[in-house]
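Residue numbers (the numbering used here): 4 to 556. Backbone N, C-alpha and C fix where the C-beta goes; we use that ideal spot for every residue, glycine too. Since we're looking at a predicted model, the values are computed, not measured. Report on one structure; see the data block that follows.
What follows is the structure, encoded as C-alpha cells:
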C-alpha cells in the first residue's frame, strides 16, 4: 500500500490507556485497544516518544534513544505491540527527536565530565568578549537559547527547553550515532518514522547574532538551511531508504512550499511527506501564538490552497492534519462544540481528509474530544504553557485574560486522557491521571460513540473507507474553488474519469452555494453530515454542514 492510500492515527502514549494504575498510559494499554483502532480502519499508528526521559518536555527530552522508559513498559511489551498490530494490518511509526537530547543523555553527561569527543556532539561556545551570551538567540520556549555548561567557561545551545541540548549535526559521529538509532528500530519491525523539528538541525558552524531576537529573521539563521537537505538525504540512504514500505514524515516548522517540495519529491530521496503549520497560525494575533482572536477563515483557505497547489505542482506530498499533540483541539478552535459538536467535528474531518496528501487522525478526534478549559494554571502541566503564563503576567495582562488565552492555546488541550467510557477518569486509569480528564467525558467517550450508528466515530469510519478506496481521493488532482467565499471552503479532486466536489460550511446559519459546471441532481452524494441535497445546480448548507459530491466526466 502506497502512502497515498494510508490513513495514520497519532497516539499520545502518556494519555491513551493506563493498565497499571500509575496515571500514565502505557504500551500494554495500546495493545489492549488495538481492536478499537482496527475497527476505525487506520493503517499505521504514530506514537509520541516513550523512551527514557526526565519528562521535562513530555518525552521530547530523550535520555536514551533505544530503550523503553519503565513508565511505559518494557522492550518485550513493545515487541508484542509490533506483533499484535501487525496481526491487524497496522504498522507502527516512531518519533525520532534528533535535533536535541536531554541533558541527562549519556552523551551530554560524558561531555560534562570533560570528554572532548562528546563535547563535539553539542554546540558549546564561550561568552563574547563583552561578557554577553554567544548569540542573542531566544529559546522557542522563552528566555535565552544558551545555558552555562557545567562549571566550565562554555555555554550550550538549546533552541527548546534548557534541558534539551542541541546536537551538532556537523559532526559526522553524531550523524552516525543517530542513524544507528533508526536502524535499531527498523530491525524491531518499525515501518515509519516521524522526525521532530527536523528542519532546524542545519545550524551554521559559526553562529551569529540575529537582527531581532525571536523574529522570523532569527529563525532563518537555523531553519531550512541548504545542508538540511543533504543530511536528510544521507540519513535516507544510510537507513530507511534501504528498506521497502517505510513511511517518513518530517515536522517542518516555519518552512516554505519550495522546501516542502524538496523534502518530499521522490526524486530527492529525502522523506515521504512533511507537516507544515502555517494553516494553524490563522488565530495568532500578528503572529503571536499567545493571543486569542477569531480565526481568519479566508487566510486558512488561502494557506491550505497554496500548499495543496504548490506541493501538487512540484510533486511533493503533504501530511494532512488539523490536530496533534502540540495544537489545541480543532473543533474547539474552528467550530462550535457546544451547539454543534457532531456537525463541527465531521465537517472538519471531511475537509482535511479529502485533500491531496496522507491524512492523520489525532487520538480522540474520532469521538469529538474537546479542549478541557481548565480553570486554574495549576491544572496545566505543559512547560511552554507555564513559561508563557509568567511572561503574559509580566506584560501586565490580568489573570482572567491570561487564562482565556491559555484555555485556547495550551498544548495540554490535546494531551488530556483518552475518554473511553463514563466511569471514573473516563476509563483511562484506576489511579490519579497525570493530567485531568476533560469534564465532558460522561457524554463524549468511545463507549457512547460505538453504540451510536449515527455518531462521529461511525462517520469517521466512512471517511476513512472512502479515502482509501476512491481513486480521485487517492490520485486525483486538487483545485481550490470559492476561495473568496466568507463561509464555505470548497475544492475539487479530479481524475480523467471522475470529479469529486467537497463543500464545507464553517459557520452557523444557512448558506446557499452555486455548484461548478457538471454538478447537478445527477451527481452522487458520497457522504455528508446533514440533509443537504442538490437542487438544480445549487445546494443549501446548514450550520457546519459538509457534503461531498461525485460526478462522472
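| query | result |
| --- | --- |
| With C-beta atoms as the reference, is residue 99 less than 8 Å away from residue 243? | no |
| Chain C beta carbons: is any one of them nearer than 8 Å to that of residue 370? | Absence of chain C from the displayed structure is noted, only one protein chain being present. |
| For residue 155, which of 209, 132, 532 and 115 has the nearest alpha-carbon? | 115 |
| Quick one: give me the first and last residue of the alpha helix (DSSP H) that residue 397 is part of. | 386-397 |
| Could you check how far apart the C-beta atoms of residue 166 and residue 268 are, in whole angstroms? I think they sit under 8 Å. | Contact doesn't hold; Cβ gap of about 36 Å is too wide. |
| For the structure I just gave you, are there three or more beta carbon pairs, one from the segment 205-220 and one from the segment 229-242, closer than 8 Å? | yes |
| Using alpha carbons as the reference points, say which of 247, 246, 276 and 251 lies closest to residue 260. | 276 |
| Which first and last residues belong to the alpha helix (DSSP H) in which residue 197 is found? | Here residue 197 belongs to no alpha helix (DSSP H); instead the beta strand (DSSP E) covers 195-198. |
| Do residue 330 and residue 459 have their beta-carbon atoms positioned less than 8 Å apart in this structure? | no |
| Buried or exposed: residue 456, going by 16 or more other Cβ atoms within 10 Å of its Cβ? | exposed |
| Specify, as a first and last residue, the run of the beta strand (DSSP E) that residue 99 falls within. | 94-99 |
| Would you report the Cα separation of residue 162 and residue 546, rounded to the nearest angstrom? | 43 Å |
| How many angstroms separate the CA atom of residue 296 from the CA atom of residue 286? | 6 Å |
| Are residue 554 and residue 473 closer than 8 Å when you measure CB to CB? | no |
| Return the chain-ordered list of same chain residues with a C-beta closer than 8 Å to the C-beta of residue 284, the five sequence neighbours on each side being excluded. | 290 and 292 |
| Per DSSP, residue 365 forms a beta bridge with which residues? | 13 |
| Just to confirm the assignment, what range does the beta strand (DSSP E) spanning residue 119 have? | No beta strand (DSSP E) contains residue 119, which is instead part of the alpha helix (DSSP H) from 119-122. |
| For a quick check, are the C-beta atoms of residue 425 and residue 448 less than 8 Å apart? | yes |
| Pairing CB atoms from the segment 86-93 with CB atoms from the segment 59-77, are three or more of them under 8 Å? | no |
| Which word fits residue 318, buried or exposed, when buried means at least 16 other C-beta atoms lie within 10 angstroms of its C-beta? | exposed |
| Give the secondary structure of residue 188 by DSSP, where H, G and I count as helix, E and B as strand, and everything else as coil. | helix |
| Taking DSSP's pairing of strands, which residues face residue 610 in a bridge? | This structure cannot settle anything about residue 610, because the visible part of the chain is limited to 4 through 556. |
| Can you list, in chain order, the stretches of the beta strand (DSSP E) that have 3 or more residues and sit fully within the segment 451-484? | 480-484 |
| Report the rounded CA-to-CA distance for residue 408 versus residue 469, giving the unit in angstroms. | 37 Å |
| Going by other Cβ atoms of all chains shown within 10 Å of its Cβ, with 16 needed for buried, is residue 124 buried or exposed? | buried |
| Could you name the residues that DSSP lists as bridge partners for residue 407? | Answer by DSSP bridge pairing: none, since residue 407 is not bridged. |
| Going straight from the alpha carbon of residue 251 to that of residue 24, what length do you get? | 34 Å |
| Helix or strand or just coil, what does DSSP make of residue 531? | strand |
| What separation, rounded to the nearest whole angstrom, lies between the Cα atoms of residue 345 and residue 419? | 20 Å |
| For residue 444 and residue 306, what's the separation of their Cα atoms in angstroms? | 34 Å |
| Taking the beta carbon of residue 129 as the centre, do at least 16 other beta carbons fall within 10 Å, making it buried, or is it exposed? | exposed |
| For residue 76, which residues in the same chain have their Cβ closer than 7 Å to its Cβ, ignoring the five residues on either side in sequence? | 29, 30 and 31 |
| Just how far apart, CA to CA, sit residue 353 and residue 504? | 11 Å |
| Considering only the alpha carbon of each residue, which of 321, 543, 309 and 496 lies closest to residue 512? | 543 |
| With a threshold of 8 Å, are at least 3 pairs of Cβ atoms found where one atom belongs to the segment 138-149 and the other to the segment 98-112? | no |
| Under the assumption that residue 265 contacts residue 273 (Cβ atoms under 8 Å), give the Cβ distance between them as a whole number of angstroms. | 7 Å |
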